[in-house]
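*Asks:* Have a look at the structure that comes next, please.
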């Protein structure tokens, strides 16, 4: 029964946390989203971000309320493990690990979406938006990774580096 509850909570938390992380990233890199994405993201996250902004103001040009809100969603979702007998320090540690994993998986998802757009329809209405979201990750790699036969392999390199980061994160938190 716990696995069913965890599945439902994780599905809802992933949607909310993803919207909050996207909201933070769009603001951090100053990308204006298309109206449909903005409406979805803001309607899904305003209930948490607006009250948090009263406590956590934006500092340095970043929307910290969105980032902290995403962590609170991860923490809430991980709190289900109290039902399995986990201790508070273990829940906090697992929530922090999951939060970092969500960030890495979010970047990986954006890169995969950009790859799909480039193969299927590079002129899709959302393609420039996704490209702009990925540009801060890919720009430094494009300086180092040369074009191979007119193919930009920086996206593939970024995916591999993010997977390595996930492996390192797993090793750090597992104590190996």
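Residue numbers (the UniProt record's numbering): 1 to 176.
C-beta: ideal position from N, C-alpha, C; glycine also.
1. Report yes if the CB atom of residue 130 is closer than 8 Å to the CB atom of residue 141, and no otherwise.
2. In terms of residue numbering, what span does the alpha helix (DSSP H) encompassing residue 175 cover?
3. Are residue 63 and residue 27 close, meaning C-beta to C-beta below 8 Å?
4. Note the first and the last residue of the continuous alpha helix (DSSP H) segment covering residue 140.
5. Could you give the uninterrupted runs of the beta strand (DSSP E) lying entirely in the segment 59 to 140, keeping only those of 3 residues or more?
6. Kindly give me the distance between the Cβ atoms of residue 49 and residue 69, rounded to whole angstroms, as I take these residues to be in contact under 8 Å.
7. What would DSSP say about residue 166, mapped onto helix, strand or coil?
8. So if DSSP puts residue 151 in a beta bridge, which residue, or which two residues, is it bridged to?
9. Identify, in the order they occur along the chain, each residue of the same chain with its Cβ nearer than 6 Å to the Cβ of residue 71, setting aside the five sequence neighbours on each side.
10. Consult DSSP for residue 32 and reduce its assignment to one of helix, strand or coil.
11. Report buried or exposed for residue 88, applying the criterion of at least 16 other Cβ atoms within 10 angstroms of its Cβ.
12. Using beta-carbon positions only, say whether residue 7 and residue 73 come within less than 8 Å of one another.
13. Apart from the five residues just before and just after residue 126, which ones in its own chain have a Cβ nearer than 6 Å to its Cβ?
14. Taking the alpha carbon of residue 151 as the point to measure from, which residue in 118, 161, 102 has its own alpha carbon closest?
15. Taking the alpha-carbon positions, what's the residue 86 to residue 154 distance?
16. Looking at the structure shown, is residue 37 part of a helix, part of a strand, or coil, going by DSSP?
17. Relative to the C-alpha of residue 104, which candidate in 79, 60, 31, 159 has its C-alpha closest?
*Replies:* Checking against the coordinates, here is how it stands:
1. no
2. Element bounds for residue 175: n/a, residue is neither H nor E.
3. yes
4. 127 to 144
5. none
6. 6 Å
7. helix
8. 148
9. 99
10. coil
11. exposed
12. no
13. none
14. 118
15. 41 Å
16. helix
17. 159
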